[in-house]
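K.L.:
Encoded as structure tokens, here's the structure I'll be asking about.
Residue numbers (the working numbering): 1 to 391.
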């Protein structure tokens, strides 16, 4: 395997296209698994409990896997788009504008559509992205449930100007070592979860206690290892030290990693099992873009789906718990009918994701992400970010 010269940074459409796969994995875990959303009781598409249980076994791990991919990709993309001398205030403005308009709109919709499920006070931690700093599952899952991951993302964004300074100072020859140490950090989190975090009360449907589930999956600081791994991966590609690996082998490795999570218990399956496959895939597809190679994830339809994936992710609960019940009630179907319902719900979520992207996300980024005032001298940090792509 050979390495590339130092990278000339540009757009990486394949990484944008990969986002929809991660969002779809999260969607499938939610559409099959009978979650309770406020006062909306569980409803699955399939009347046959055997089918539901089989699909839960197959797709439920996709929820945690998809989120882990987003966290790693987030670190990669923000580091990739960083430039020397970028202003901290400009960076923070772009990050806030990227996530908060979508978040506030979907939070307000959830509070309105699920009226009676949540009080305003109960939904406030979700709005402020503080909801995952408690083990109370009524709070961290309150209002718009998928938005819990933004609590971690906002922490990543806040810490990035501090994290990038030492990461930029890592010698090129030691980058792979530090990437490995980030994965080791994930393993340590798993060990701490099992040995130091209380093992009671049990979390329904999991082999872990509620405190263990919260610590390994929801508590934002422990997810920093994934974000930092993504940052280091970007540095490896930028330094031209990414080996030549085919996109088909790394795609097969991602599939194998997913398959392994079906048999590996929590907490190891949350992020540890798929960390290496995802890391190799992100770097390999980035290099493929830099070399001008065409990939499936970089095709027009996949890039478009990737662009609306944030909206898809944030509106899924509204579609699954409100729109479905409003249109169809809680009817369950046979294998064919249930499959068609899943496809229809996915299509509806694509539409709501596109609407959110078109009416909220893109206009917000266009009008608010750049200062309209004349530039004045502002504080900078060594190699801080400009967060340009899509997180």
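Built from N, CA and C at the ideal position, the CB exists for glycine as well. Only a predicted model underlies this, so the values are computations on that prediction, with no experimental measurement involved.
For the alpha helix (DSSP H) containing residue 87, list its first residue and its last residue.
P.N.:
Within the chain shown, numbered from 1, the residue matching residue 87 stands at position 87. No alpha helix (DSSP H) contains residue 87, which DSSP labels as neither H nor E.
K.L.:
Kindly indicate the opening and closing residues of the alpha helix (DSSP H) around residue 254.
P.N.:
Residue mapping note: residue 254 aligns to position 254 of the chain shown, counting from 1. Residue 254: member of the alpha helix (DSSP H) spanning 247 to 261, first to last residue.
K.L.:
With distances taken between CB atoms, is the gap from residue 61 to residue 261 smaller than 8 Å?
P.N.:
If you number the chain shown from 1, residue 61 lands on position 61. If you number the chain shown from 1, residue 261 lands on position 261. Cβ distance < 8 Å, so residue 61 and residue 261 count as in contact.
K.L.:
Taking the alpha helix (DSSP H) that residue 366 belongs to, which residues open and close that run?
P.N.:
Residue numbering aside, residue 366 sits at position 366 when the chain shown is read from its first letter. Looking at the DSSP string, the run of the alpha helix (DSSP H) that includes residue 366 is 362 to 368.
K.L.:
Can you tell me which of the three DSSP states residue 435 falls into?
P.N.:
No statement about residue 435 is possible, as the shown extent of the chain runs from 1 to 391 and does not include it.
K.L.:
Is residue 217 helix, strand or coil by DSSP?
P.N.:
If you number the chain shown from 1, residue 217 lands on position 217. The answer is helix: DSSP assigns residue 217 an H, G or I state.
K.L.:
Pull up the CB-CB distance for residue 45 and residue 289, whole angstroms please, since I reckon it's below 8 Å.
P.N.:
Residue mapping note: residue 45 aligns to position 45 of the chain shown, counting from 1. Residue mapping note: residue 289 aligns to position 289 of the chain shown, counting from 1. In fact, because the Cβ distance is near 37 Å, the residues do not count as touching under 8 Å.
K.L.:
Determine the direct distance from the alpha carbon of residue 84 to that of residue 257, and round the result to whole angstroms.
P.N.:
Here the question's residue 257 lines up with position 257 in the chain shown. Here the question's residue 84 lines up with position 84 in the chain shown. Taking the straight line joining both Cα atoms gives about 36 Å.
K.L.:
Across which residues does DSSP place residue 46 in a beta bridge pair?
P.N.:
Start at 1 with the first residue of the chain shown, and residue 46 comes out as number 46. 333.
K.L.:
Our contact map puts residue 99 next to residue 309 with C-beta atoms below 8 Å; I'd like the distance itself, whole angstroms only.
P.N.:
Against the chain shown, residue 99 aligns to sequence position 99. Against the chain shown, residue 309 aligns to sequence position 309. The Cβ separation is near 13 Å, so there is no contact.
K.L.:
Is it the case that the Cβ atoms of residue 179 and residue 279 are separated by a distance below 8 Å?
P.N.:
For this step, residue 179 is matched to residue 179 along the chain shown. For this step, residue 279 is matched to residue 279 along the chain shown. Cβ atoms of residue 179 and residue 279: closer than 8 Å.
K.L.:
Pull up the DSSP beta-bridge partners for residue 202, would you.
P.N.:
Looking up residue 202 in the chain shown gives position 202. According to DSSP, which records beta bridges pairwise, residue 202 is partnered with 209.
K.L.:
When we look at the beta-carbon of residue 244 and count the other beta-carbons within 10 Å, is it buried (16 or more) or exposed?
P.N.:
The sequence position of residue 244 within the chain shown is 244, counting from 1. Exposed, because fewer than 16 other Cβ atoms sit within 10 Å of the Cβ of residue 244.
K.L.:
Report the CB separation of residue 154 from residue 129 in whole angstroms; it is logged as a contact under 8 Å.
P.N.:
Taking the first residue of the chain shown as position 1, residue 154 is located at position 154. Taking the first residue of the chain shown as position 1, residue 129 is located at position 129. Sure, about 5 Å apart at Cβ, within 8 Å.
K.L.:
Along the chain, where does the alpha helix (DSSP H) containing residue 157 start, and where does it finish?
P.N.:
Indexing the chain shown from 1 puts residue 157 at position 157. Taken as a continuous stretch (DSSP letters only), the alpha helix (DSSP H) holding residue 157 covers 149 to 168.
K.L.:
Is DSSP giving residue 192 helix, strand or coil here?
P.N.:
As a first step, residue 192 is located in the chain shown; it is residue number 192 there, counting from the start. The answer is helix: DSSP assigns residue 192 an H, G or I state.
K.L.:
Just curious, the alpha helix (DSSP H) that residue 197 is in, first and last residue?
P.N.:
In the chain shown, counting from the first residue as 1, residue 197 sits at position 197. No alpha helix (DSSP H) contains residue 197, which DSSP labels as neither H nor E.
K.L.:
Are the segment 50 to 61 and the segment 91 to 109 touching by the rule of at least three beta carbon pairs closer than 8 Å?
P.N.:
Output reads no: the segment 91 to 109 does not touch the segment 50 to 61.
K.L.:
Within 8 Å, do at least three Cβ pairs link the segment 350 to 367 to the segment 301 to 315?
P.N.:
yes
K.L.:
In three-state terms, what does DSSP make of residue 70?
P.N.:
Here residue 70 refers to the residue found at position 70 of the chain shown. In this structure, residue 70 counts as helix in the three-state DSSP scheme.
K.L.:
Between which two residues does the alpha helix (DSSP H) holding residue 301 run?
P.N.:
As a working mapping, residue 301 is identified with position 301 in the chain shown. Per DSSP, residue 301 belongs to the alpha helix (DSSP H) from 300 to 307.
K.L.:
Please list, in chain order, all residues of the same chain as residue 372 whose beta carbon is under 6 Å from its beta carbon, the five residues on each side excluded.
P.N.:
Position 372 of the chain shown holds residue 372. For residue 372, the predicted model reports a pLDDT of 46, less than 50, meaning its position is unreliable; a value from the coordinates is still stated below. Cβ neighbours of residue 372 beyond the five flanking positions: none.
K.L.:
Throw me the rounded Cβ distance for the residue 349 and residue 315 pair, which I believe falls under 8 Å.
P.N.:
Reading the chain shown from its first residue, position 349 is the one you call residue 349. Reading the chain shown from its first residue, position 315 is the one you call residue 315. Yes, they are in contact, since the Cβ atoms of residue 349 and residue 315 sit about 6 Å apart, within 8 Å.
K.L.:
Assuming the contact rule is C-beta atoms closer than 8 Å, residue 139 and residue 182 should be a hit. Round their C-beta distance to whole Å, please.
P.N.:
As a first step, residue 139 must be located in the chain shown, where it is residue number 139. As a first step, residue 182 must be located in the chain shown, where it is residue number 182. About 29 Å separates the two Cβ atoms, so there is no contact after all.
K.L.:
Can you give me the Cβ contacts of residue 255 inside the same chain, cut-off strictly under 6 Å, excluding the 5 residues immediately before and after it?
P.N.:
Numbered from 1 along the chain shown, position 255 holds the residue referred to as residue 255. Result list for residue 255: empty, nothing under 6 Å.
K.L.:
Would you call the segment 206 to 216 and the segment 225 to 242 in contact, with 3 or more CB pairs under 8 Å?
P.N.:
By the Cβ criterion, the segment 206 to 216 is not in contact with the segment 225 to 242, since fewer than three pairs of Cβ atoms, one from each stretch, lie closer than 8 Å.
K.L.:
Could you check how far apart the C-beta atoms of residue 301 and residue 51 are, in whole angstroms? I think they sit under 8 Å.
P.N.:
Taking the first residue of the chain shown as 1, we reach residue 301 at position 301. Taking the first residue of the chain shown as 1, we reach residue 51 at position 51. Actually they do not touch by this definition, with Cβ atoms about 30 Å apart.
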